[in-house]
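Each residue of the sequence shown is one higher than the last, beginning at -16 in my numbering.
For reference, the structure discussed in these notes is given below.
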Amino acid sequence: GMLLLNAEALKCRKSACSGSRPCSSTTVTCERDSTLCFVMLRSKPIVSLTRGCITEGNCAILKSFDPNVRCCSTDLCN
-16 GMLLLNAEAL KCRKSACSGS RPCSSTTVTC ERDSTLCFVM LRSKPIVSLT RGCITEGNCA
44 ILKSFDPNVR CCSTDLCN
């Protein structure tokens, strides 16, 4: 069953933007252990948007620091 699980790597949007400039993103294929996409929006000290691939463990850590972090498990869900 494991082969089926890893047959298709997850694709996520990746971007790191701040301030008022338009935010562009690229599409990346995640490493095998990064099974989630994430998006993190902050308003302080300046508006910033960060997106990319993440592991489940790191998602949990990020969420403990910032409740606005969202992680999801389907292609380009972020």
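By construction, the Cβ of each residue, glycine as well, lies at the ideal position given by its N, Cα and C atoms.
Cβ atoms of Thr12 and Ala(-8): under 8 Å apart, would you say? yes
Should Leu34 and Cys(-5) be called a contact, given that it needs their Cβ atoms to be closer than 8 Å? The residue asked about is misnamed: residue 34 is Arg in this sequence, not Leu. Taking the C-beta atoms as reference points, Cys(-5) is found nearer than 8 Å to Arg34.
Does the Cβ-Cβ distance between Ser17 and Ser7 come in under 8 Å? no
At which residues does the alpha helix (DSSP H) containing Lys46 begin and terminate? Judged by DSSP secondary structure, Lys46 falls within the alpha helix (DSSP H) whose first and last residues are Glu39 to Phe48.
Span separating the alpha-carbon of Leu2 from that of Phe21: Checking the sequence shown, residue 2 turns out to be Gly, not Leu. Roughly 20 Å separates the two Cα atoms.
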